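The numbering of the sequence shown is this note's numbering, which starts it at 3 and goes up by one. We put the beta carbon where it would ideally sit given N, CA and C, even for glycine. Quantities reported herein were computed from a predicted structural model and do not represent experimental measurements. Input: a single structure, listed below in structure tokens.
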Amino acid sequence: LVIGFALGGSVGVGTLVFAFGIGPIVARTLPLLHLEALTPSTQNAQWGE
Numbered sequence: 003l004v005i006g007f008a009l010g011g012s013v014g015v016g017t018l019v020f021a022f023g024i025g026p027i028v029a030r031t032l033p034l035l036h037l038e039a040l041t042p043s044t045q046n047a048q049w050g051e
């Protein structure tokens with residue numbers, strides 16, 4: 003945020019809400035997208051052969 007402002011960017015209410023709100027929002031919603039890792043069907047598939 004400070005670096006963006008120092009480079010000439012604007013800092014408004016929306017910028018502050020986004021900057022401080024994105025972390026908690028992602029932390030709460032990321033577990034909803036949990037996917038199980040795929041297991042290789044053969045030993046060779048594990049190494050990409």
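The three-state secondary structure of G6, taken from DSSP, is helix.
If you look at V13, you'll find it isn't in any alpha helix (DSSP H); DSSP assigns it neither H nor E. Under the criterion of beta carbons closer than 8 Å, V13 and F7 qualify as touching, at roughly 5 Å.
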